[in-house]
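Heads up, the sequence shown is in UniProt numbering, so the first residue is 1 and it goes up one at a time.
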Amino acid sequence: MTDFADLGAHCAEPYCHQQDFLPFECDRCHKEFCLDHRTYEAHNCPYLDSASYNKQQVIICPLCRSSVHLLPGETENAAFERHSNSSACKPEDYSKPRLQKCPVEGCRERLTEVNSYQCPECHVKVCLKHRYEDVHPCKEWKTRGLSRASYRGPSGKAVKKSPVVGGNSTKVAGGHGNRADQWRCRKCSLINNGDVTTCVACGYTPVGRQNCAVQ
Numbered sequence: 001m002t003d004f005a006d007l008g009a010h011c012a013e014p015y016c017h018q019q020d021f022l023p024f025e026c027d028r029c030h031k032e033f034c035l036d037h038r039t040y041e042a043h044n045c046p047y048l049d050s051a052s053y054n055k056q057q058v059i060i061c062p063l064c065r066s067s068v069h070l071l072p073g074e075t076e077n078a079a080f081e082r083h084s085n086s087s088a089c090k091p092e093d094y095s096k097p098r099l100q101k102c103p104v105e106g107c108r109e110r111l112t113e114v115n116s117y118q119c120p121e122c123h124v125k126v127c128l129k130h131r132y133e134d135v136h137p138c139k140e141w142k143t144r145g146l147s148r149a150s151y152r153g154p155s156g157k158a159v160k161k162s163p164v165v166g167g168n169s170t171k172v173a174g175g176h177g178n179r180a181d182q183w184r185c186r187k188c189s190l191i192n193n194g195d196v197t198t199c200v201a202c203g204y205t206p207v208g209r210q211n212c213a214v215q
């Protein structure tokens with residue numbers, strides 16, 4: 001028992017003096033009390049009727065989010081009852097602010113100051129995943145003739161994918177060549193000519209082009 005004698009504090013109420021390991025300090029008389037005597041009325045706080053303390057005490061109404069000042073000798077519950085029954089309490093005027101959602105179809109990301117991005121072209125605010133012009137409904141991007149089929153290289157600039165056309169010949173990046181000499185980039189899927197060792201779009205250099213040859 002001696003190991004716990006210094007823990008907590010004894011209730012300041014003279015008729016109680018119970019040891020409490022988690023005592024409550026009165027914000028008016030600054031004495032420590034147990035759970036049963038923590039309220040002003042329970043320990044007969046000498047500052048209970050002090051108007052100066054009541055003017056400093058304010059509660060927030062959970063219905064209308066208005067500030068409610070406590071009257072002299074008034075408890076928090078009594079102040080809430082008084083305010084909620086008055087015409088000053090208007091819950092219909094209070095609405096929680098709703099976070100804007102990313103406008104991209106199918107995206108449920110809520111936009112905050114941290115994860116939002118405003119497109120410099122169309123000035124639409126989107127999430128970071130859809131910040132590029134080709135993945136969100138950017139009108140300025142479409143007016144310049146670019147489409148969602150475009151993608152971005154390491155420099156951040158949009159690059160048009162070369163179409164794969166059936167037949168004996170295929171249009172590839174870096175010029176024209178035989179199909180046997182062409183190789184497909186594993187990173188961006190662009191078909192490159194056989195005389196280039198690095199993808200002209202994304203800069204990827206394959207370990208062995210024989211593994212990337214178009215079949």
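Glycine included, each C-beta is placed from N, C-alpha and C at the ideal position. As the structure is a computational prediction, the values presented were derived from the model and not from experiment.
Counting only residues of its own chain and dropping the five nearest sequence neighbours on each side, CYS89 has a CB closer than 8 Å to the CB of CYS61, LEU63, CYS64, SER66, HIS83. Around LYS31, the same chain offers ALA12, GLU25, HIS43 as residues with beta carbons nearer than 8 Å, after the five sequence neighbours per side are excluded. Scanning its chain for C-beta atoms nearer than 8 Å, with the 5 sequence neighbours on each side dropped, one finds around ALA9 the residues GLN19, ASP20, PRO23, GLU32, in chain order. In the same chain as GLN100, and ignoring 5 residues on each side of it, the C-beta atoms closer than 6 Å to its own belong to LEU111, in chain order. For LEU71 and ASN85, the gap between their C-alpha atoms comes out near 15 Å. In this chain, the alpha helix (DSSP H) harbouring SER84 covers 76–84. In the DSSP secondary-structure assignment, ALA9 is bridged to ASP20. Burial is judged here by how many other beta carbons sit within 10 angstroms of a residue's own beta carbon; ASN115 has fewer than 16 and is exposed.
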